[in-house]
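Have a look at the structure below before the remarks.
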Amino acid sequence: MGKVDRDRLPHHCRMNAADTPAPVATADSDWGPLSALPGHPLMWVLIGSELAVFGLALLGYAGARARDPLGFALAQDNLDRLAGVANTALLLASGFFAALANRAAHAGEAAPARGWLAAAALLGLGFLGVKGFEYSGEIAAGHDIDSSPFFTLYFLVTGFHALHVVLGLIILGIVARLATPAAVETGTAFWHMVDLIWLVVFPCLYLMR
Amino acid sequence: MRRTFSSLVQAFLLLLTLSLALAFAAEAQASALWLAAVTLAAALKTRIVLARYLGLDAAPGALAGFFAATFLVLALVAGSILVFPTPIHQARGNAHLVATTGAPGANE
Amino acid sequence: MQYQTQNIAKTYWLGALLIFAVQVSFGLVGGLIYIMPNLLPVEYFPFNMVRMIHTNALIVWLLLGFFGAAYYLVPEESEREIYSPKLAYIQFAIFFLGGLSAVVGYLFHIYADHARSYLEQPLWIKLGIIVAALIFLFNISMTVLQGRKTAITNVLLLGLWGIAVFFLFSLYVPHNTSEDKMFWWYVVHLWVEGTWELVMASVLAFLMLKITGVDREVIEKWLYIIIATALFSGILGTGHHYYWIGAPGYWQWIGSVFSSLEVVPFFGMMIFCFAMAWKGRRDHPNKAAMIWSLGCSVLAFFGAGVWGFLHTLHGVNFYTHGTQVTAAHGHLAFYGAYVCLNLAIMTYAFPYLFNRAPYNQILNIASFWITSAGVVFMTVSLTFAGVLQSHLERVQGLSYMDAQDQIGLFYLLRFGGGAVTVLGALLFIASLLLMPRTKTAPVAGAVPAAAE
Ligand code: HEM
Ligand code: HEM
Ligand SMILES: [Fe+2]
Numbered sequence: 001m002g003k004v005d006r007d008r009l010p011h012h013c014r015m016n017a018a019d020t021p022a023p024v025a026t027a028d029s030d031w032g033p034l035s036a037l038p039g040h041p042l043m044w045v046l047i048g049s050e051l052a053v054f055g056l057a058l059l060g061y062a063g064a065r066a067r068d069p070l071g072f073a074l075a076q077d078n079l080d081r082l083a084g085v086a087n088t089a090l091l092l093a094s095g096f097f098a099a100l101a102n103r104a105a106h107a108g109e110a111a112p113a114r115g116w117l118a119a120a121a122l123l124g125l126g127f128l129g130v131k132g133f134e135y136s137g138e139i140a141a142g143h144d145i146d147s148s149p150f151f152t153l154y155f156l157v158t159g160f161h162a163l164h165v166v167l168g169l170i171i172l173g174i175v176a177r178l179a180t181p182a183a184v185e186t187g188t189a190f191w192h193m194v195d196l197i198w199l200v201v202f203p204c205l206y207l208m209r
Numbered sequence: 001m002r003r004t005f006s007s008l009v010q011a012f013l014l015l016l017t018l019s020l021a022l023a024f025a026a027e028a029q030a031s032a033l034w035l036a037a038v039t040l041a042a043a044l045k046t047r048i049v050l051a052r053y054l055g056l057d058a059a060p061g062a063l064a065g066f067f068a069a070t071f072l073v074l075a076l077v078a079g080s081i082l083v084f085p086t087p088i089h090q091a092r093g094n095a096h097l098v099a100t101t102g103a104p105g106a107n108e
Numbered sequence: 001m002q003y004q005t006q007n008i009a010k011t012y013w014l015g016a017l018l019i020f021a022v023q024v025s026f027g028l029v030g031g032l033i034y035i036m037p038n039l040l041p042v043e044y045f046p047f048n049m050v051r052m053i054h055t056n057a058l059i060v061w062l063l064l065g066f067f068g069a070a071y072y073l074v075p076e077e078s079e080r081e082i083y084s085p086k087l088a089y090i091q092f093a094i095f096f097l098g099g100l101s102a103v104v105g106y107l108f109h110i111y112a113d114h115a116r117s118y119l120e121q122p123l124w125i126k127l128g129i130i131v132a133a134l135i136f137l138f139n140i141s142m143t144v145l146q147g148r149k150t151a152i153t154n155v156l157l158l159g160l161w162g163i164a165v166f167f168l169f170s171l172y173v174p175h176n177t178s179e180d181k182m183f184w185w186y187v188v189h190l191w192v193e194g195t196w197e198l199v200m201a202s203v204l205a206f207l208m209l210k211i212t213g214v215d216r217e218v219i220e221k222w223l224y225i226i227i228a229t230a231l232f233s234g235i236l237g238t239g240h241h242y243y244w245i246g247a248p249g250y251w252q253w254i255g256s257v258f259s260s261l262e263v264v265p266f267f268g269m270m271i272f273c274f275a276m277a278w279k280g281r282r283d284h285p286n287k288a289a290m291i292w293s294l295g296c297s298v299l300a301f302f303g304a305g306v307w308g309f310l311h312t313l314h315g316v317n318f319y320t321h322g323t324q325v326t327a328a329h330g331h332l333a334f335y336g337a338y339v340c341l342n343l344a345i346m347t348y349a350f351p352y353l354f355n356r357a358p359y360n361q362i363l364n365i366a367s368f369w370i371t372s373a374g375v376v377f378m379t380v381s382l383t384f385a386g387v388l389q390s391h392l393e394r395v396q397g398l399s400y401m402d403a404q405d406q407i408g409l410f411y412l413l414r415f416g417g418g419a420v421t422v423l424g425a426l427l428f429i430a431s432l433l434l435m436p437r438t439k440t441a442p443v444a445g446a447v448p449a450a451a452e
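Residue numbers (full-length UniProt numbering), protein chains in the order written: chain A, 1 to 209; chain B, 1 to 108; chain C, 1 to 452.
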């Protein structure tokens, strides 16, 4: 009711194009501790929820593995670690571009912001390609979501993550259209979250043994 | 803190270095030390993403909270591997053992 | 009462209270059959029929209560009269008579012959329910669309539409038993752990707004966070019913992970209510409404959150599935979340509807403690019974009836708790109906508008 529209808030423009401003502050402090966070507060509720889901799933992984360490290790040996590393690099670079997009959007430069977002999305597509390549190899080798406890969790966790990449691509598309600082801030926050989750999932599923 | 161009480049390069270092170590013999290295490297990466990409260095409380969560998950998964080690560690050393006892579920 | 059409709620709530009395009474009969199976002639009181009336009546009166709540709060929130009072009364007639004839039909063994708890109504009654729901949604949506839109009415509408949409799954009864169960859960789970939760959050938000006078903006933000976490966790949380019904094994992980997070919105609602009570004014004369609201949030947290989490991980549910642990959880969750919610809004609104000063506060508050103590006692007895049952049947391998023989004591205790619950329910109804007959001017501060 009569509230300030966050999107239309003036953001402090910087003198120096190399400086991104502090994140757009929320108009009101009614969001309590969430007010201090960059991007829409509900995005942070989502980020927290997602981290909880993946965190619980990985703790479930640790629990299931403890009951059969050898079975898990043997199954895990089938994964393509280098493809995983490549995907990590892709997402990190994509996140870097997304961060640059955010910077540009805050500087009021809509066109460069869109360019960086497109670059970020392109690398996201690359991630999906590599992931699809991995999946097809694994499935061809006879592993699927029901074949062993390890592969059930592997397909669930990485599949659910890949779904988020897809969703993230859609979100990047939407915020690229708007290209306002607040929209880009919120959209790229989602994208960075997808990145962040991969940084936790990848070592747990691929590397730790 | 402000997300300057150089701070973002710095963050990205650091992240990439850590990842590539892991790539070379990916095939290394698993050991407690190696697990610790993987955990710390991954934790460091999540912190960089949280602080720089997500801009949480402007909100230190949230940074600490989110980082604690990701670190906890990594540490618990790694820790559980130390507590319930993979018998294959020994088996790998002597290839003939894998052939004879390597069937899933064959614990020592 | 600011709007004439808020009066519609009166009819709905009186109907709801009547069925509430029937519901708990049949619960007591069921509890009696458990401890003295031969006391009542089984031709007239077969357990399955008694149980069906108990659970169906529960759903019917809770829904009547929600309708009433919508008719009461939507005019105040939208700042206009209900679109068509006439349609509202027609809807009541269809729904109430449909619900009543379903229950009476059960007495004469008329029901759909598929074993779907809560959905045993014959097809023509289901269709009647759908017609009533459509009338309701039309009426409420028209009112909201033409009036002021608030977060509370938006969330309420979303919840009410969801209730109707998911009910449609009750029409589809696949032959395959696994599929049948999956569709059954689309109704049952996505109701109580999805759409009903939205209704709960918005009604609680309305109550907090009116009773504590805290800023609407603050309340709306809580509301958004609560429903975001509820939908996030509740939808895929359906997986916690797919563990052993023939669905693919990965549901064990999806169900365990997401349903664990279902605790969050219930925790959020509890913190919300107490934070508002703490922050807000404490001079609202209707203390009883405040107690029911706080009680609702706490008992829902325990019944749905804690007792739900207790058996929601698939490793645990492997042992407890379908035991008395489930019944324990079902009772406290339904009571805390939805019974208390309805009784809270009724307690809040009745004085305005009947233009009385907050009436029999002592009796009403006493009924809160008595009813809640009864339900909590039933829950605890059933939890002991269920844990023992799980151990005897699923660890030691005893047969079902051999295990039952050993937990009889807890059924006796449950009956005791049930009797107290029924007493409390009757006292509650009395407290609302036996309001002082003399008209007294509403106490200052009791004027609804003053809260904003
Ligand atoms: C407002 C209070 C009550 C609510 C919300 C309620 C709710 C329920 C629900 C949801 C079920 C189905 C449980 C399941 O599927 O596991 C149920 C079953 C039952 N309830 Fe209640 N109930 C209430 C009061 C009572 C009372 C007072 C009694 C008296 C002892 C009672 C006795 C029973 C019995 C015997 C069953 C059948 C359990 C079985 O199938 O083994 N309930 N009730
Ligand atoms: C107000 C919200 C809730 C209500 C009214 C409710 C009610 C019920 C009822 C009546 C049943 C028995 C269904 C049947 O088999 O006939 C049930 C089952 C179950 N509920 Fe809830 N519930 C709620 C929330 C939750 C939450 C939040 C969780 C998890 C954290 C949960 C976990 C479960 C589980 C795992 C079962 C299956 C039990 C079994 O395997 O026998 N419930 N619930
Ligand atoms: Fe459920």
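Ideal Cβ placement from N, Cα and C applies to all residues, glycine included. All values derive from a computational prediction rather than experimental measurement.
Just to confirm my understanding: we take C/Ile94, look at its own chain, exclude 5 residues before and 5 after, and list those with CB closer than 7 angstroms. What are they?
Excluding its 5 nearest sequence neighbours in each direction, C/Ile94 has C-beta neighbours in its own chain below 7 angstroms: Gly128, Val131 and Ala132, listed in chain order.
Once DSSP output is grouped into helix, strand and coil, what is the label at A/Tyr135?
helix
Chain B within 9 angstroms of A/Val200, Cβ atoms only:
Judged by the 9 angstroms Cβ criterion, A/Val200 is in contact with chain B.
With a threshold of 8 angstroms (Cβ to nearest heavy atom), would C/Ile245 be considered close to ligand 1?
no
Would you report the Cα separation of A/Phe151 and A/Glu134, rounded to the nearest angstrom?
13 angstroms
C/Leu223 to C/Ile59, Cα distance in whole Å?
24 angstroms
How far does the alpha helix (DSSP H) with C/Gln121 in it reach, from first residue to last?
Counting along the chain, C/Gln121 falls outside any alpha helix (DSSP H), and DSSP gives it neither H nor E.
Could you tell me the alpha carbon to alpha carbon distance between A/Val130 and C/Thr323, rounded to whole angstroms?
Our two residues, A/Val130 and C/Thr323, have alpha carbons roughly 46 angstroms apart in a direct line.
Step through the CB atoms of chain A and report whether any lies within less than 9 angstroms of the CB of residue 115 of chain B.
Only positions 1 to 108 of chain B appear in this structure, which leaves residue 115 of chain B out of reach.
Contact belief for C/Thr229 with A/Ser49 at Cβ below 8 angstroms, rounded distance in angstroms
6 angstroms
Pairs of beta-carbons, one from the stretch 140-149 of chain C and one from the stretch 202-218 of chain C, closer than 8 angstroms: are there three or more?
Fewer than three Cβ pairs drawn from the stretch 140-149 of chain C and the stretch 202-218 of chain C lie within less than 8 angstroms of each other, which leaves the two stretches out of contact.
Cβ closer than 7 angstroms: which chain B residues qualify as neighbours of A/Phe96?
Leu8 and Phe12
Does the beta-carbon of C/Gln389 have 16 or more other beta-carbons within 10 angstroms, so that it is buried, or is it exposed?
buried
Please work out which residues of its chain come closer than 7 angstroms, Cβ to Cβ, to C/Gln361, disregarding the five sequence neighbours upstream and downstream, and give them in chain order.
Cβ neighbours of C/Gln361 beyond the five flanking positions: Lys287 and Ala288.
Going by DSSP, what residue range makes up the alpha helix (DSSP H) through A/Asn102?
Per DSSP, A/Asn102 belongs to the alpha helix (DSSP H) from Arg81 to His106.
What residue from A/Leu167, A/Gly173, A/Ser136 and A/Asp144 has the CA that sits closest to A/Leu117's CA?
A/Gly173
Determine, for B/Ala30, whether the minimum Cβ-Cβ distance to residues of chain A falls below 9 angstroms.
yes
List, in chain order, every chain C residue whose beta-carbon is nearer than 9 angstroms to that of A/Ser49.
Ala228, Thr229, Phe232, Ser233, Leu261 and Val264
When DSSP labels each residue in this structure, what does C/Thr312 get in the three-state scheme?
coil
Along the alpha helix (DSSP H) that carries A/Val194, what are the first and last residues, could you check?
Pro181 to Phe202
Local Cβ density within 10 Å of A/Ile171, reported as buried at 16 or more and exposed below that
Answer is buried; the Cβ neighbour count reaches 16.
Are the C-beta atoms of C/Tyr224 and some chain A residue less than 9 angstroms apart?
yes
Rounded distance between the beta-carbons of C/Tyr3 and C/Pro75, thought under 8 angstroms
4 angstroms
Among A/Ala57, A/Val85 and A/Asn87, which has the Cα closest to the Cα of B/Leu74?
A/Ala57
Output needed for A/Ala22: all residues of its chain with C-beta closer than 6 angstroms, excluding positions within five of it in sequence on either side, in chain order.
Because the pLDDT at A/Ala22 is just 37, under 50, the model does not fix this residue reliably, and the value given afterwards should be weighed accordingly. If you ignore the 5 residues before and after A/Ala22, its C-beta comes within less than 6 angstroms of no other C-beta in its own chain.
Rounded separation between C/Val218 and A/Trp31 - CA only
8 angstroms
Cβ-heavy atom distance between C/Gly322 and ligand 2 below 8 angstroms?
C/Gly322 Cβ: within cutoff of ligand 2.
Say the cut is 8 angstroms; is the CB of C/Gly15 nearer than that to a heavy atom of ligand 1?
no
Residue environment, C/Arg281, which counts as buried when at least 16 other CB atoms sit within 10 Å:
exposed
Drop a sphere of 10 angstroms on the beta-carbon of C/Gln6, count the other beta-carbons inside from all chains shown, and report buried for 16 or more, exposed for fewer.
buried
Against chain A, with Cβ distances strictly below 9 angstroms, would residue 496 of chain C count as a contact?
Since the displayed chain C opens at 1 and closes at 452, residue 496 of chain C lies outside it and no answer follows.
If you check the beta carbons only, do C/Ser117 and C/Thr177 fall under 9 angstroms apart?
Taking 9 angstroms as the Cβ cut-off, C/Ser117 and C/Thr177 do not qualify as a contacting pair.
Euclidean distance between Cα positions of C/Tyr242 and C/Leu412:
32 angstroms
Tell me the start and end of each unbroken alpha helix (DSSP H) in the stretch 352-432 of chain C that is at least 4 residues and wholly inside, in chain order.
361-390 and 400-406
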